[in-house]
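Before any comments, here is the structure.
Written out as C-alpha cells, the structure is:
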C-alpha cells in the first residue's frame, strides 16, 4: 500500500546473520513485495567504509553473512569487522579477533550494530553489542558502529531515496535503535506496539516517539490518511 | 628471606584458573616456601561474600577453580560468579549465564578480577574483564569485582596479617591492579620491572609507584635494608 501510493520506502535493518538476498527471500515468503535494492543493511554499509578507507577486514561474523564481503580484500587484515556471529562467537575466534586488533598500532574495530540481546525460540541470546564491549575494553578502543542507531546509517538510507529527513518517517519497534536513531537524524518516528516494544518504553528517559501505533498496518493507515 | 626476617607476608593473586592448593604447588616447585594459608585469592573472598549475603551462584569459571566452591549451595541460583573461564567461555555458556542474570529482578554479577588480557605461550587471551563488560552491557548492571584492584580485597589481606596499611608494602608488576589498588588502600607499592611491566607504565596518567625495582629479589634487598 505504501509503494502503491507513490511514497518512497526503504527497509532499514540491523540483520547481520544473513545476506540481503536471504533476508528479502524471507520477507517475500511472508507476502511482502520487496527487493534487495530496497534494503539498507549494515554489511553493505561496512563494505563501502572499508573500500573508502582502504581497510582489509578480519571478519568475525555469521557464516550466512560472509557472501556480503565477497568482493572485499581480506588478506593481511588491518581492521576487525564484528557482526552477530552467533555460534561463531567461540573462545578461539574471539581471541583471534583480539590478537588482530592488538597487532595494530591503532586498532580499528567496526561493529555491525550495538544490540544488547535478542530472543529466539530457544531463549535469550547475547547480541553483537556485548562482544563489541568485550573487545573495546580489552583493546582500549572505541568501536565504529555501522547500522542503527548510527546517524550515518539513516543518512545513507535517506540519500538512497533522495529524500530529506524532514520529509521522512521511521516506523520501528526498538525505542533506541529505531526511534531514537531516526529522530537524531531529523526524521519523525513512530513506535509500533509489537515485537521488541515493551510498555516501559513509554517512560524511556531519553527517547519519545512522535506517536505510537498498535501495529505496522495501523502505521500505514495513518501515513496514507495524511497524504 | 622476608619470612626469615620476621616480617609478615601475604601473596595477593588474581589467579582464578586453579585452586589455592594447586597455585601453591606450582610455587613450591619453583622453590618458594609458601602455604595455602599465605594466599589471598578471589575465589575464597567471593565465597565469604556469597555466604554473608545468602547468595547461591551460577558459576562461569575454569574447571580448575570449581573445587573452591565445593561448600557453596549452588541450587536455584540468585547470582552469577564469573572467573577467567578460558575454554569454558563458550557461546552457550555465556548465553546461559546471561539468562540467569536476566531472570533476576535485580541481577547480581560477581567478577573475580577485571583483567583485560594476559599472555600465554600460544598468544594473547581475553581475560575475565572482557567477558564481565559483555555481561554488564547486555544486562545493564555493574559487576562487583572481587580481587585486585578492589580495596576490599587488599583490606582482607591486611586483616588476615593483622597489619595496618601504612605498615605494609605491596610488590607487583601490574601498575593498575597491584600498585594502584594497594595505594588506594593506604599502602605503599613497588613496581617490579619484570612480567607485565611495560616502560610506558612509568608515564601512567593516574598511578605512580612509590619506587621501581628491577626484580623481586631487589625489592626484598631494599625492604630488608630498611629494617
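Protein chains in written order, with the numbering used here: chain P, 1 to 227; chain A, 1001 to 1227. Every residue gets a Cβ at the ideal spot worked out from N, C-alpha and C, and that includes glycine.
> Applying a beta-carbon distance threshold of less than 7 Å, which residues of chain P neighbour residue 1102 of chain A?
Replying inline: Within chain P, the residues placing a beta-carbon under 7 Å from that of residue 1102 of chain A are 124, ordered along the chain.
> Are the CB atoms of residue 81 of chain P and residue 101 of chain P nearer to each other than 8 Å?
Replying inline: Not a contact, by the Cβ cut-off of 8 Å.
> Does the Cβ-Cβ distance between residue 243 of chain P and residue 227 of chain P come in under 8 Å?
Replying inline: Nothing can be reported for residue 243 of chain P: it is not among the residues displayed for chain P, which extend from 1 to 227.
> Between the C-alpha atoms of residue 1077 of chain A and residue 1186 of chain A, what's the straight-line distance to the nearest angstrom?
Replying inline: In a straight line, the C-alpha of residue 1077 of chain A is about 36 Å away from that of residue 1186 of chain A.
> Unbroken alpha helix (DSSP H) runs of length 4 or more, entirely within the region 1129–1191 of chain A: which are they?
Replying inline: Segments of the alpha helix (DSSP H) lying fully in the region 1129–1191 of chain A: 1151–1161, 1181–1184.
> Going straight from the alpha carbon of residue 41 of chain P to that of residue 130 of chain P, what length do you get?
Replying inline: So the alpha carbons of these two residues sit roughly 20 Å apart.
> Roughly how many angstroms lie between the CA atoms of residue 221 of chain P and residue 177 of chain P, to the nearest whole one?
Replying inline: When the Cα atoms are used, residue 221 of chain P and residue 177 of chain P turn out to be separated by approximately 23 Å.
>> I want to verify the contact list: residues of chain P whose CB lies under 9 Å from the CB of residue 1109 of chain A, in sequence order.
In response: Neighbours of residue 1109 of chain A in chain P, taken as residues at a C-beta separation under 9 Å, are lacking, since the least C-beta distance is about 13 Å.
> By DSSP, does residue 105 of chain P sit in helix, in strand, or in coil?
Replying inline: DSSP places residue 105 of chain P outside both helix and strand once states are collapsed to three, so it counts as coil.
>> Would you call the region 50–64 of chain P in contact with the region 85–103 of chain P, where contact means no fewer than 3 C-beta pairs closer than 8 Å?
In response: Counting Cβ pairs under 8 Å, three or more are found: they touch.
> Which residues in the same chain as residue 153 of chain P place their Cβ atom closer than 8 Å to its Cβ, once the five residues preceding and following it in sequence are excluded?
Replying inline: Taken in chain order, the residues that qualify are 12, 40, 42, 45, 146, 147, 181.
>> Distance cutoff 8 Å, beta carbons only. Does residue 1143 of chain A sit that close to anything in chain P?
In response: When Cβ-Cβ separations below 8 Å define contact, residue 1143 of chain A makes no contact with chain P.
> In chain P, which residues lie with their C-beta within 7 Å of the C-beta of residue 1094 of chain A?
Replying inline: Result: 126.
> Roughly how many whole angstroms lie between the Cα atoms of residue 141 of chain P and residue 108 of chain P?
Replying inline: Each residue's Cα considered, the two are about 8 Å apart.
> Taking the alpha-carbon positions, what's the residue 202 of chain P to residue 22 of chain P distance?
Replying inline: Near 33 Å, if we compare the C-alpha coordinates of residue 22 of chain P and residue 202 of chain P.
>> On the CB-based measure, 16 or more other CB atoms within 10 Å of its CB, does residue 122 of chain P come out buried or exposed?
In response: Exposed, because fewer than 16 other Cβ atoms sit within 10 Å of the Cβ of residue 122 of chain P.
> Quick one: what's got a C-beta closer than 8 Å to residue 135 of chain P's C-beta in the same chain, skipping five residues either side?
Replying inline: The answer, listed in chain order, is 80, 82, 94, 97, 98, 101, 109, 141, 143.
> Does DSSP put residue 2 of chain P in a helix, a strand or coil?
Replying inline: In the displayed model, residue 2 of chain P falls within coil according to three-state DSSP, outside both helix and strand.
>> Between A:1118, A:1192, A:1160, A:1104, which has its C-alpha nearest residue 1170 of chain A's C-alpha?
In response: The option with the nearest alpha carbon to residue 1170 of chain A is A:1192.
> Which chain P residues are close to residue 1019 of chain A, counting only those with a beta carbon under 8 Å from its beta carbon?
Replying inline: Proximity of chain P to residue 1019 of chain A at the Cβ level (cut-off 8 Å) is not reached, the minimal Cβ distance being about 22 Å.
> Taking only beta-carbon atoms, is residue 1037 of chain A less than 8 Å away from chain P?
Replying inline: Answer no: the Cβ-Cβ gap between residue 1037 of chain A and chain P never drops below 8 Å.
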